[in-house]
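Chemist: Protein chains in written order, with our numbering: chain A, 1 to 447; chain B, 1001 to 1447. Where is the CB? At the ideal position from N, CA and C, for every residue including glycine.
Protein chains: 2
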Amino acid sequence: MSASPLIQPRTLKGFRDYLPETMIPRERLIDTAKRVYRSYGFSPIDTPALEYLEVLTGKGSEETDRQLYRFQDHGGREVGLRFDLTVPLARFVAQHISTLGTPFKRYHIAAVWRGENTQRGRYREFMQCDFDTIGTRSVAADIETVLVIHDLMRAIGFENFVIRINHRLVLNGLLEKLGLGDRATAILRTLDKLSKIGPEKVADEMTSAAGATAEQAVEILRLSGLTGPNDQVLQQLEPLVAGSPLGQEGVGRLAEILGGVRAAGVADQYLALDVSIARGLDYYTGAVFETFLDALPNIGSVCSGGRYDNLAGLYTKQDLPGIGASLGLDRLLAAMEELGMIGAVRTPADVLVAFFDRDRLHDYLRLAAQIRRAGLGVEVFPEAKKVGQQLKYADQRGFRVALIAGSREFQEGQCQVKDLRSAQSETCSLADGAQAVVAAVRRILAS
Amino acid sequence: MSASPLIQPRTLKGFRDYLPETMIPRERLIDTAKRVYRSYGFSPIDTPALEYLEVLTGKGSEETDRQLYRFQDHGGREVGLRFDLTVPLARFVAQHISTLGTPFKRYHIAAVWRGENTQRGRYREFMQCDFDTIGTRSVAADIETVLVIHDLMRAIGFENFVIRINHRLVLNGLLEKLGLGDRATAILRTLDKLSKIGPEKVADEMTSAAGATAEQAVEILRLSGLTGPNDQVLQQLEPLVAGSPLGQEGVGRLAEILGGVRAAGVADQYLALDVSIARGLDYYTGAVFETFLDALPNIGSVCSGGRYDNLAGLYTKQDLPGIGASLGLDRLLAAMEELGMIGAVRTPADVLVAFFDRDRLHDYLRLAAQIRRAGLGVEVFPEAKKVGQQLKYADQRGFRVALIAGSREFQEGQCQVKDLRSAQSETCSLADGAQAVVAAVRRILAS
Chain A
1 MSASPLIQPR TLKGFRDYLP ETMIPRERLI DTAKRVYRSY GFSPIDTPAL EYLEVLTGKG
61 SEETDRQLYR FQDHGGREVG LRFDLTVPLA RFVAQHISTL GTPFKRYHIA AVWRGENTQR
121 GRYREFMQCD FDTIGTRSVA ADIETVLVIH DLMRAIGFEN FVIRINHRLV LNGLLEKLGL
181 GDRATAILRT LDKLSKIGPE KVADEMTSAA GATAEQAVEI LRLSGLTGPN DQVLQQLEPL
241 VAGSPLGQEG VGRLAEILGG VRAAGVADQY LALDVSIARG LDYYTGAVFE TFLDALPNIG
301 SVCSGGRYDN LAGLYTKQDL PGIGASLGLD RLLAAMEELG MIGAVRTPAD VLVAFFDRDR
361 LHDYLRLAAQ IRRAGLGVEV FPEAKKVGQQ LKYADQRGFR VALIAGSREF QEGQCQVKDL
421 RSAQSETCSL ADGAQAVVAA VRRILAS
Chain B
1001 MSASPLIQPR TLKGFRDYLP ETMIPRERLI DTAKRVYRSY GFSPIDTPAL EYLEVLTGKG
1061 SEETDRQLYR FQDHGGREVG LRFDLTVPLA RFVAQHISTL GTPFKRYHIA AVWRGENTQR
1121 GRYREFMQCD FDTIGTRSVA ADIETVLVIH DLMRAIGFEN FVIRINHRLV LNGLLEKLGL
1181 GDRATAILRT LDKLSKIGPE KVADEMTSAA GATAEQAVEI LRLSGLTGPN DQVLQQLEPL
1241 VAGSPLGQEG VGRLAEILGG VRAAGVADQY LALDVSIARG LDYYTGAVFE TFLDALPNIG
1301 SVCSGGRYDN LAGLYTKQDL PGIGASLGLD RLLAAMEELG MIGAVRTPAD VLVAFFDRDR
1361 LHDYLRLAAQ IRRAGLGVEV FPEAKKVGQQ LKYADQRGFR VALIAGSREF QEGQCQVKDL
1421 RSAQSETCSL ADGAQAVVAA VRRILAS
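The following block contains the structure:
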């Protein structure tokens, strides 16, 4: 083996390794998402990374089909790697709904693969983090979806964000009243570009490509630009959709969602009715959501979703409406990094036990076990090296506390507890299961 | 779309969906493993599912090469799906060690893929759950590996298990003393089958295929069958390896591991020196571990590992010794199921708020938010259906508590808290943020 040339250790283009400093905050974020999802009764599921190709291409757009990682497996079957978690959910629900029953509430946090053009800064492997409620049209599920998004953002540590809410029927009602009901899809597709290309270009495109008059384009932009307190927007919308049953239904539903979210104790500052949101035109049929950070509006929505009528129509005749949303993990982590919400930590343990008296390994192991039993994370440095070298290691890894003792300290039944941020030490007794050490560590961690 | 024939919703042979009842205990087990790994300072990492084919086939045996899922990607590169987490770890460490520094302690919990023969009950996609310490030969890391396995098993809920420990040099020393040093690999390969084919067939194979005499085979089986208290086995081994420096080193190391594990407070009942363990002959070079459940010895080891000399020799000239182990998730979950350690739970929330007065949605939402704020998981049934139907749903999902209130109860500021196991209810006040309800729920959960 030593004679063979070395194989170059490298990852494929568009793929990445997660080192501890990236993976620790990532895992913490995923743990937070799971905790919030579970607190609302969403259950975890998982599905295979590989599916029959026909399952994946059934629904896909030309773009997703082109990006699919596909091949023949050992049995000559045409297979592909999943490119999202929605198609597998649809297949899963169609296959198992009689066992699962409804309402069925699931979360699914898993990798997906797309042979994207990496020049756009996209990765070919990334995680999705979805939650959905299947099998009910009740507004209670719409309200709950907003509550989950709110709780999730707060649990992650964000205080300044807005969940923008719209309802597809409101837009349809407005267009109906303007005599543009039959061109709704083309017009909404144009409107969906508002945040990217701005109102002037949207107006141009509405007249040139979507068949609206210049006056109609101006009116649509005016309506979709309604802002102000949510109740005021609702009041302004009511006359605008009067006479359009669809539009009235949409406005009524928005009012119910707002009321329910408030009843659950969410402050109005976190919610904004926004008639311009026209996301997922081929897919969403009711409420739609996007979530923006006040500090970084330009990164786009960090949690988006909406209501759909028929999840699994490709695989079953059973009518399965649902609602859900997806947390944008990569975008959120980038935002948290930019906002200084992520410390430079490369260890999940807080305490390092320095090891510099070879004959005292048993004492170090015993001390670590005592601290660990109190629920704290502890690493024992594995080799008896100079204390300076070990403290350098502690610093690189981001440990918060070092426990330092040699033969003399152990003989005296003591140990030094060193705060690695302030560089201050205190000497603690090792008696009674090192309770004094545990207390000193806790004080440092809380400081 | 409605005119097209339905696509059959199905998974590929050898792949499986995880429904909530399987995924909830699975996720709980993984959470426990992460908690224990973190408590010893092991950091999470992740690597791509797809790697350059040459990275994967460099080390692989003929068997793993045959089982590899491989194909050409969009750029014409030969790629494959990882078949374990060890090869990616080797590639990862070779690529990043200068950034990571040593000792580097990581855990990695992720799916791997093998085009196995499914007739043997094997799956083609399964999770591995590994932890390793790279860059040190210190016995402290050997001891810590045993401590992690012990803590992991206890944290999962096992009280009756044994971690069997051996050292490759002990076996080599014994064979050296028997004059079989040059046939060690063939003999150990045969010995490794002991638990599967029994001592008689092993003896046959040692003479017919591995070049031992009948007397030598008997002697090897006698030595490898040494049992008794650990200190007694150690004492018996010492004279047997006397004169073989390798064997003495191995026995000395076993003594150090035993002593260190005891010093950290682990009872001797959890450890057994077992000279017959000869796992991973091409790979392990020092201590080796296997973990058996007393109640289900025949399912084999549920957590195995060992020490290796040179992790990443295919990718770097840097010498990277290490030690680690892998938790057998599927095997453990099957065992826990068989031992009745997994309840039939299909929801991660404990409390269901029944919804049977349509006009009281806001009250239900407020009540749920209050309970959730106390740290409890709560699901609000999304539609106003008959209470019997909702209690049936609660039963199917495995909720433990139902909160039941209609207009009359809300007017009186009260709610019924129903224990769904005992079917007993108590009426609680909704005043003061529903603290009485929270307390009643906590009492039921603790009962």
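In chain order, what residues of the same chain have a beta carbon less than 7 Å from the beta carbon of A/S429, not counting five sequence neighbours either side?
Modeler: The residue labelled residue 429 of chain A in the question sits at position 429 within the first sequence. G413, Q414, A436.
Chemist: Could you give the DSSP three-state label for A/E379: helix, strand or coil?
Modeler: Here residue 379 of chain A refers to the residue found at position 379 of the first sequence. In this structure, A/E379 counts as strand in the three-state DSSP scheme.
Chemist: Let me see if you follow: with CB-CB separation under 7 Å, is B/I1030 close to chain A or not?
Modeler: To locate residue 1030 of chain B, count along the second sequence from 1; it is residue 30. Output row for B/I1030: interface = no.
Chemist: Is A/I404 helix, strand or coil when you go by DSSP?
Modeler: Within the first sequence, residue 404 of chain A is the residue found at index 404, counting from 1. A/I404: strand per DSSP, three-state reduction.
Chemist: Less than 8 Å between C-beta atoms, sequence neighbours within five positions excluded: which residues of the same chain meet that for A/E144?
Modeler: Numbered from 1 along the first sequence, position 144 holds the residue referred to as residue 144 of chain A. For A/E144, where only same-chain residues beyond five positions count, the Cβ hits under 8 Å are Y40, T133.
Chemist: At 8 Å on the CB atoms, spell out the chain B contacts of A/M153, in chain order.
Modeler: Here residue 153 of chain A is taken as the residue at index 153 of the first sequence, counted from 1. Going along chain B, no residue has its Cβ under 8 Å from A/M153, so there is no contact; the nearest lies around 15 Å.
Chemist: Short of 7 Å in beta carbon distance, which residues of its chain neighbour B/A1255, apart from the five on each side in sequence? Order them along the chain.
Modeler: Locating residue 1255 of chain B in the second sequence gives position 255, counting from the first residue. Cβ neighbours of B/A1255 beyond the five flanking positions: L1234.
Chemist: Going by beta carbon distance, what residues of the same chain come within less than 7 Å of A/L420, once the five residues before and after it are set aside?
Modeler: Position 420 of the first sequence, counted from the start, is the residue given in the question as residue 420 of chain A. Within the same chain, A/L420 has close Cβ partners A394, D395, F399, R400, V401, A402.
Chemist: Judging by CA-CA distance, which residue of A/L68, A/V148, A/R442, A/L6 is the nearest neighbour of A/T32?
Modeler: For the purposes of this step, residue 32 of chain A is taken as residue 32 along the first sequence, with counting starting at 1. The shortest Cα separation from A/T32 among A/L68, A/V148, A/R442, A/L6 belongs to A/V148.
Chemist: Please report whether the beta-carbon of A/Y315 lies at a distance below 7 Å from any beta-carbon of chain B.
Modeler: By 1-based counting over the first sequence, the position of residue 315 of chain A is 315. Answer yes: the Cβ-Cβ gap between A/Y315 and chain B drops below 7 Å somewhere.
Chemist: Which first and last residues belong to the beta strand (DSSP E) in which A/G161 is found?
Modeler: What you label residue 161 of chain A is simply residue 161 of the first sequence in a count that begins at 1. Sequence inspection shows Phe at residue 161 of chain A; the Gly mentioned does not correspond to that position. Per DSSP, A/F161 belongs to the beta strand (DSSP E) from 161-167.
Chemist: May I have the straight-line CA-CA distance separating B/L1271 from A/S138, to the nearest angstrom?
Modeler: On the second sequence, position 271 is the one that residue 1271 of chain B refers to. On the first sequence, position 138 is the one that residue 138 of chain A refers to. For B/L1271 and A/S138, the distance between alpha carbons rounds to 56 Å.
Chemist: Please list, in chain order, the chain A residues whose beta carbon lies closer than 7 Å to that of B/D1292.
Modeler: Within the second sequence, numbered from 1, the residue matching residue 1292 of chain B stands at position 292. Before going on, a small fix: residue 1292 of chain B reads as Phe here, not Asp. Under the 7 Å cutoff, chain A gives no residues; its nearest Cβ is about 24 Å from B/F1292.
Chemist: Hey, does A/L50 have any beta-carbon neighbour from chain D nearer than 7 Å?
Modeler: The structure shown contains no chain D; its protein chains are A and B.
Chemist: Considering A/Y52, what are the terminal residues of the beta strand (DSSP E) in which it resides?
Modeler: Looking up residue 52 of chain A in the first sequence gives position 52. Here the beta strand (DSSP E) through A/Y52 covers 50-52.
Chemist: Is any beta-carbon of chain B found at less than 7 Å from that of A/L6?
Modeler: In the first sequence, residue 6 of chain A corresponds to position 6, counting from 1. Judged by the 7 Å Cβ criterion, A/L6 is in contact with chain B.
Chemist: Count the other C-beta atoms from every protein chain shown that fall within 10 angstroms of the C-beta of B/A1047, then say buried if there are 16 or more, exposed otherwise.
Modeler: Taking the first residue of the second sequence as position 1, residue 1047 of chain B is located at position 47. For the record, residue 1047 of chain B in the displayed sequence is Thr; it is not Ala. Per the 10 Å Cβ criterion, buried.
Chemist: Run through the segment 177-243 of chain A for me and flag every whole alpha helix (DSSP H) of 4 or more residues, listed as ranges in chain order.
Modeler: Counting whole runs of 4 or more residues, the segment 177-243 of chain A contains the alpha helix (DSSP H) stretches 184-191, 194-208, 214-224, 230-241.
Chemist: Below 8 Å CB to CB, which residues in the same chain sit around B/T1011 once its five sequence neighbours on both sides are set aside?
Modeler: For the purposes of this step, residue 1011 of chain B is taken as the residue at position 11 of the second sequence. Around B/T1011: D1017.
Chemist: What does the alpha-carbon distance come out to for the pair A/M1 and A/T86?
Modeler: Reading the first sequence from its first residue, position 1 is the one you call residue 1 of chain A. Reading the first sequence from its first residue, position 86 is the one you call residue 86 of chain A. Summary for A/M1: the model assigns pLDDT 46, below 50, so the residue's position carries little reliability; its value from the coordinates is reported in the next sentence. Spanning the two alpha carbons is a distance of roughly 46 Å.
Chemist: When the distance is taken between beta carbons, is A/A186 closer than 7 Å to A/N172?
Modeler: Taking the first sequence and counting its residues from 1, the one referred to as residue 172 of chain A is at position 172. Taking the first sequence and counting its residues from 1, the one referred to as residue 186 of chain A is at position 186. No, the pair does not count as a contact, with Cβ atoms beyond the cut-off.
Chemist: Looking at C-beta atoms only, is the number of pairs between the segment 1292-1300 of chain B and the segment 1325-1341 of chain B that lie closer than 8 Å three or more?
Modeler: Segments in contact, yes.
Chemist: Strictly by DSSP, which residues pair up with B/K1105?
Modeler: For the purposes of this step, residue 1105 of chain B is taken as residue 105 along the second sequence, with counting starting at 1. Beta-bridge pairing links B/K1105 to B/T1133.
Chemist: Relative to the C-alpha of A/D151, which candidate in B/E1379, B/R1373, B/V1438, B/K1385 has its C-alpha closest?
Modeler: Within the first sequence, residue 151 of chain A is the residue found at index 151, counting from 1. Cα-wise, what sits closest to A/D151 is B/R1373.
Chemist: Could you pull out every residue in the same chain whose Cβ sits closer than 8 Å to the Cβ of A/S425, ignoring the five residues on either side in sequence?
Modeler: Here residue 425 of chain A corresponds to residue number 425 of the first sequence, with the count starting at 1. The residues are I404, Q416, V417, K418, D419.
Chemist: In the structure shown, what three-state DSSP assignment does B/E1506 receive?
Modeler: Examination of residue 1506 of chain B is not possible in this model, given that chain B is present from 1001 through 1447 alone.
Chemist: Would you mind reading off the limits of the alpha helix (DSSP H) that contains A/S4?
Modeler: Counting from one through the first sequence, the residue named residue 4 of chain A turns up at place 4. Here A/S4 belongs to no alpha helix (DSSP H), and DSSP marks it neither H nor E.
Chemist: Pull up the CB-CB distance for B/R1122 and B/W1113, whole angstroms please, since I reckon it's below 8 Å.
Modeler: Residue 1122 of chain B sits at position 122 when you count from the first residue of the second sequence. Residue 1113 of chain B sits at position 113 when you count from the first residue of the second sequence. Their Cβ separation, rounded to whole angstroms, is 12 Å, which puts B/R1122 and B/W1113 out of contact at 8 Å.
Chemist: Residues of the segment 311-339 of chain A in Cβ contact with chain B at a cutoff of 9 Å, in chain order, please.
Modeler: Result list: A312, G313, L314, Y315, T316, K317.
Chemist: Would a check of beta-carbon distances place B/R1183 closer than 7 Å to chain A?
Modeler: As a position in the second sequence, residue 1183 of chain B is number 183, starting the count at 1. It does not: the Cβ of B/R1183 has no partner Cβ on chain A nearer than 7 Å.
Chemist: Take the Cβ of B/E1176 as the centre, count every other Cβ of all protein chains shown within 10 Å, and call the residue buried at 16 or more, exposed below.
Modeler: If you number the second sequence from 1, residue 1176 of chain B lands on position 176. That one is buried.
Chemist: Around the Cβ of B/Q1067, are there at least 16 other Cβ atoms within 10 angstroms (buried) or fewer (exposed)?
Modeler: Within the second sequence, the letter at position 67 stands for residue 1067 of chain B. The residue in question, B/Q1067, is buried, as its Cβ has 16 or more Cβ neighbours within 10 Å.
Chemist: Excluding the 5 residues flanking B/L1246 on each side, which residues of the same chain have their C-beta closer than 6 Å to its C-beta?
Modeler: As a working mapping, residue 1246 of chain B is identified with position 246 in the second sequence. L1169, N1172, G1173.
Chemist: Does DSSP classify A/I323 as helix, strand or coil?
Modeler: Here residue 323 of chain A corresponds to residue number 323 of the first sequence, with the count starting at 1. The answer is strand: DSSP assigns A/I323 an E or B state.
Chemist: For A/V275, name the three-state secondary structure that DSSP assigns.
Modeler: Numbered from its first residue, the first sequence carries residue 275 of chain A at position 275. Note: A/V275 maps to coil in three-state DSSP.
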